[in-house]
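Numbering (this note's numbering), first residue to last: 288 to 1018.
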């Protein structure tokens, strides 16, 4: 096994070993030794990931053929294009994306473990917490290194199980147990769609290894039917159904509309769990899945993905504006940022979506751990109206939290600026390209909404920071007793540093390498071409093709970005997108931050005035109640289900039970009739015979002496007759 793959396999197994050790001996280890064991294991995984990254970059692997090690597993019968005919494969697949994801996951997880030692030190189930964290990390790493869609699904479900255990960790709280059940059930809805897409894939290919899947279905982006090697035709419609089905899994895990309702409630779990879920594990798994199936998505499937992403990023950002719980604000912020990533996948910005996934992990982990530090300092108070002026009490937390706010707001020189603006630029370029080729002007909504939400993001995150750290204390008792914890500083400082430099440390280079490696593995240089042939005849690509091949195409066509007439070329579309970002998106961080500070520096003084205005009050209530999605689902699904169950109960009692009871009554009546016949006929005859016999017996008993005399005389007569007969014969 090549060294990078070996190191990543070891990095995957270390949390599993930690889980087994803590499972059997965690209670004996106690607090804090159990935390040290779990932290040491994931820290060693991070070391292995770092060594694998170094080996990958300096060992000649980057940008060349990826490491693909398939192993035959379950016999399934003949399939199409299998490496091991008749078997379903499992294996290890390592490319630049795998290496990058491992580095990010293990780094963030290590910092979360360190933070948890201080945050959870008073919890009575301290060893169990680190046991669950170890299994969570193993599940996510196993998902990333898996070489087949089957492994993705297996570890996908294991990630869901771990999230259920961790969200409901404080299960004695009814709200926590309900949140865990809600997360589990909602994700099962998404996984149902995943299973449909997965079933279609296995039925037609017989195997689901990533390179084979890309090789056979890599031209799905052209929007045409695909003829498989065996002669079977994989129709474009079925390809779209398969892609949307697989995407449904990501809708659940990454909490996209309409399955987004579980993620805000997941804040009932410990804050380190929230950081891990929102930054590096569960919600990241959905975006990673879409990244892996991206080459086999049809234009129709991508359009669905783009619409879902755009809807989610808009809806979640607006809800975040009205939330008062600091963790709920961050939860809806995560939903919005995930919407940006999913939108990127839908418009063909594969590199932009995954780039934002990684940079977002740094500043979102920092935001959640920072909120955990605030909550810990404020003795587990989470409401923003109770805060204010905390920068004097916890200055390190305030400074690092502020860096994360600048990053997510898209401030230049911070990581979020590079990744989010890449997505918005690609969205603008895509819309320009689509409309120039005769597409609907509605495509511009895929750029307009992310642009507006860039302003909203800077505003609501500044609101959160201002209400927490600036201004005067609104709860003097809480402010006076707030205190900082030194062990929480290290993770915050490291993540703050990464939130600054994350945009230019080579992540984009690694993702470009991954695109080339995927093309090599699939033996198809078209797997990242995004064809929107209905209604768009042109193509839009993001990444190295857009930088090189598209520019060549533009020059060959004799058109340029300036003063071009007619349909845009790829290069012109990209230029258009970047121009739109510079003009409309660059001011977003200034406007949003300034408005947030001005409005909320005096606390809720101005906000309370606004919400007294009736229309604004209604809008505020609507947003504060999360657009009533929970209530709507309660009525549409829960109440309807309960109504159906009651109707079924009534049918059971009034129809089924009555039918059974009537049948039983008929049997009983027949039995009664048979019983009457038995009593009046058969029993009468038997009783008559018995009576006669009894009478004869009584007569015999009453005349027994006379009977004996008659019998004696009869026997004497018989004896004399026999003697006479014998004498006559002898004479």
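Just so you know, even glycine gets a beta-carbon here, dropped at the ideal spot from N, CA and C. Owing to the predicted nature of the structure, the values given are computational and were not obtained by experimental measurement.
Supposed close pair residue i, residue j - CB separation, criterion 8 Å
i: residue 561; j: residue 614; result: 6 Å
i: residue 307; j: residue 397; result: That pair is no contact at about 19 Å.
i: residue 703; j: residue 646; result: 6 Å
i: residue 648; j: residue 639; result: About 15 Å separates the two Cβ atoms, so there is no contact after all.
i: residue 316; j: residue 606; result: Rounded, the Cβ-Cβ distance is 42 Å, inconsistent with contact.
i: residue 764; j: residue 677; result: No, residue 764 and residue 677 are not in contact; Cβ-Cβ is about 13 Å, not under 8 Å.
i: residue 609; j: residue 903; result: Wrong, their Cβ atoms sit about 11 Å apart, outside the cutoff.
i: residue 390; j: residue 336; result: 5 Å
i: residue 454; j: residue 467; result: 4 Å
i: residue 324; j: residue 303; result: About 13 Å; that fails the 8 Å criterion.
i: residue 381; j: residue 295; result: 6 Å
Proximal residues to residue i (C-beta, below 7 Å), its chain only, five neighbours per side dropped
i: residue 442; result: 426, 429, 430, 433
i: residue 669; result: 612, 613, 614, 662
i: residue 813; result: 505, 506
Contacts around residue i, its chain only, beta-carbon distance under 6 Å, and the 5 residues preceding and following it disregarded
i: residue 403; result: 559
i: residue 823; result: The pLDDT assigned to residue 823 is 38, lower than 50, so where the model puts this residue is not dependable, and the model offers no usable value.
i: residue 526; result: 507, 585
i: residue 378; result: 356, 357, 358, 434
i: residue 343; result: 291, 349, 386
i: residue 587; result: 527
i: residue 301; result: 328, 331, 332
i: residue 589; result: 633
i: residue 832; result: Summary for residue 832: the model assigns pLDDT 41, below 50, so the residue's position carries little reliability; its value from the coordinates is reported in the next sentence. No residues qualify anywhere along the chain.
Spatial neighbours of residue i in its chain, beta-carbon cut-off 8 Å, leaving aside the 5 residues before and after
i: residue 807; result: 351, 352, 353
i: residue 868; result: 708, 711, 712, 715
i: residue 487; result: 525, 528, 529, 532
i: residue 830; result: Confidence at residue 830 is low in this model, with a pLDDT of 40, below 50, so the placement of that residue should be treated as unreliable; the coordinate-derived value is given next. Excluding positions up to five away in sequence, the list reads 637, 638, 798, 799, 802, 815.
i: residue 758; result: 675, 676, 887, 888, 889, 890
Residue range of the unbroken beta strand (DSSP E) whose run includes residue i
i: residue 334; result: Segment 320-345 is the alpha helix (DSSP H) holding residue 334; no beta strand (DSSP E) there.
Per DSSP, cross-strand counterpart(s) of residue i
i: residue 375; result: 361
i: residue 887; result: Residue 887 pairs with nothing; no bridge assigned.
i: residue 474; result: Partner(s): none; residue 474 has no beta bridge.
i: residue 381; result: 354
i: residue 433; result: 379
i: residue 444; result: DSSP, once it has assigned bridges, lists no residue as partnering residue 444.
i: residue 878; result: For residue 878, which the question treats as bridged, DSSP gives no partner whatsoever.
i: residue 520; result: 514
i: residue 459; result: Residue 459 pairs with nothing; no bridge assigned.
i: residue 670; result: 612
Residue range of the alpha helix (DSSP H) that includes residue i
i: residue 571; result: 569-580
i: residue 763; result: 763-768
i: residue 792; result: Counting along the chain, residue 792 falls outside any alpha helix (DSSP H), and DSSP gives it neither H nor E.
i: residue 501; result: 497-504
i: residue 936; result: 927-938
i: residue 624; result: 613-634
i: residue 645; result: 637-664
i: residue 590; result: 586-608
i: residue 774; result: Looking at the DSSP string, residue 774 is not in any alpha helix (DSSP H), and its letter there is neither H nor E.
i: residue 694; result: 682-695
i: residue 294; result: 290-316
i: residue 678; result: Taken as a continuous stretch (DSSP letters only), residue 678 belongs to no alpha helix (DSSP H), as it is neither H nor E.
i: residue 812; result: That residue, residue 812, is in no alpha helix (DSSP H); it is neither H nor E in DSSP.
i: residue 732; result: 732-756
i: residue 902; result: 901-911
i: residue 705; result: 702-723
i: residue 917; result: 916-920
i: residue 556; result: No alpha helix (DSSP H) holds residue 556; DSSP gives it neither H nor E.
i: residue 892; result: 892-898
Below-8 Å beta-carbon distance, residue i vs any chain B residue
i: residue 796; result: Although the question refers to chain B, the structure presented lacks it and comprises just one protein chain.
Test item: CB-CB of residue i and residue j under 8 Å
i: residue 570; j: residue 916; result: no
i: residue 733; j: residue 718; result: yes
i: residue 456; j: residue 521; result: no
i: residue 696; j: residue 544; result: no
i: residue 894; j: residue 887; result: yes
i: residue 539; j: residue 474; result: yes
i: residue 798; j: residue 383; result: yes
i: residue 618; j: residue 556; result: no
i: residue 408; j: residue 318; result: yes
i: residue 786; j: residue 650; result: yes
i: residue 681; j: residue 771; result: yes
i: residue 446; j: residue 537; result: no
i: residue 741; j: residue 872; result: yes
i: residue 388; j: residue 627; result: no
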